[in-house]
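Those protein sequence lines, which keep their order, are chains A and B.
Heads up: the first sequence begins at 1 in this note's numbering, then just goes up one per residue.
Heads up: the second sequence begins at 1 in this note's numbering, then just goes up one per residue.
Built from N, CA and C at the ideal position, the CB exists for glycine as well.
Comments concern the structure below.
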Amino acid sequence: SQQGEEDPQALSIQEGENATMNCSYKTSINNLQWYRQNSGRGLVHLILIRSNEREKHSGRLRVTLDTSKKSSSLLITASRAADTASYFCATGGGADGLTFGKGTHLIIQP
Amino acid sequence: DAMVIQNPRYQVTQFGKPVTLSCSQTLNHNVMYWYQQKSSQAPKLLFHYYDKDFNNEADTPDNFQSRRPNTSFCFLDIRSPGLGDAAMYLCATSRRRGAADTQYFGPGTRLTVL
């Protein structure tokens, strides 16, 4: 069954603006990961946040996690055309593999 | 340098004609996964190998099988492809089986069924 649900499903912004994507999940987690997928390509791991962390940064990426609300957000600051991609949150891993949300398709307009 | 390699990148087969997709890795990771991703959908786990231990997802059709002859290679066999099996097939690896491990994905093989 689907664990993560991203919103919005699609997001179009101007280059230089910030992009925020949200993910909600249903069951308890040990960690949550975000992946990026360029059109027709494989997924690239962006960041992992553990259940005892509330916020994590990596370059222009900021991820938050609220386990009480079972939600996470991914913020991309100062967006670039190269950030155009689909972004997925994923939970699980290990023996069960990853369960991905439906993804947010982000378009950065030049 | 490519770490997870999938061949071919594009595969066209006929309805009912068996097809094999290939994945290899240079990371020496213990775990290899196969995901199916249909158009505009999330990747869905089909099965994975932890070393030689095969783990099938409960809802993976019997039509799909996998082989892992050694650490580096893993194959996805589709015995009798149907039109509904047209999708992107993604191979991934992880070093450990633990929940906090990053997965490394190949570029995918896009399967078309005529």
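* At a Cβ threshold of 8 Å, is B/Q41 touching chain A? -> In the second sequence, residue 41 of chain B corresponds to position 41, counting from 1. Closer than 8 Å: yes.
Exercise. Using a beta-carbon distance below 8 Å, is B/P8 in contact with chain A?
Worked result: As a working note, residue 8 of chain B is residue 8 in the second sequence. Taking Cβ atoms only, chain A never reaches closer than 8 Å to B/P8, which makes this a no.
Practice task
Classify A/A81 as helix, strand or coil using the three-state DSSP reduction.
Solution key: Walking along the first sequence from the start, residue 81 of chain A turns up at place 81. Of the three classes helix, strand and coil, the one that applies to A/A81 here is helix, per DSSP.
Practice item. Give a yes or no on whether 8 Å exceeds the smallest Cβ distance from A/H45 to chain B. Key: Here the question's residue 45 of chain A lines up with position 45 in the first sequence. In terms of beta-carbon proximity, A/H45 lines the interface with chain B, with at least one pair separated by less than 8 Å.
ask   = In three-state terms, what does DSSP make of A/G40?
value = Residue numbering aside, residue 40 of chain A sits at position 40 when the first sequence is read from its first letter. A/G40 falls in the coil class under three-state DSSP.
Quiz item: Using 8 Å as the threshold, is the region 73 to 89 of chain B in touch with the region 11 to 25 of chain B, meaning 3 or more CB pairs across them?
Solution: A contact between stretches requires three or more CB pairs, one per stretch, nearer than 8 Å, and the region 73 to 89 of chain B meets this requirement with the region 11 to 25 of chain B.
query: With 16 other CB atoms within 10 Å as the buried threshold, where does B/G106 fall?
result: Within the second sequence, numbered from 1, the residue matching residue 106 of chain B stands at position 106. With 16 or more other Cβ atoms within 10 Å, it is buried.
Classify B/F54 as buried or exposed, calling it buried when 16 or more other Cβ atoms lie within 10 Å of its own Cβ. For the purposes of this step, residue 54 of chain B is identified with residue 54 of the second sequence, where counting begins at 1. Under this definition B/F54 is an exposed residue.
Expected contact under 8 Å - CB spacing of B/L27 and B/Y35 to nearest Å | The residue given as residue 27 of chain B occupies position 27 in the second sequence. The residue given as residue 35 of chain B occupies position 35 in the second sequence. Going by Cβ atoms, the distance from B/L27 to B/Y35 rounds to 17 Å, so no, they are not a contact pair.
message: Taking the alpha carbon of A/T77 as the reference point, which residue from A/A10, A/Q14 and A/C89 has its own alpha carbon closest?
response: Residue 77 of chain A sits at position 77 when you count from the first residue of the first sequence. Measuring C-alpha to C-alpha distances from A/T77 to each of A/A10, A/Q14 and A/C89 identifies A/Q14 as the nearest.
Q: Could you work out which residues of chain B lie near A/R50, taking near to mean beta carbons separated by less than 9 Å?
A: The count along the first sequence starts at 1 and reaches residue 50 of chain A at position 50. In chain order: A100.
Option nearest A/I108 by Cα separation, candidates A/L46, A/G42 and A/T20 | Taking the first sequence and counting its residues from 1, one reaches residue 108 of chain A at position 108. It is A/T20 whose Cα lies nearest to the Cα of A/I108.
Span of the beta strand (DSSP E) around B/T93: Numbered from its first residue, the second sequence carries residue 93 of chain B at position 93. B/T93 -> beta strand (DSSP E) spans A87 to S94.
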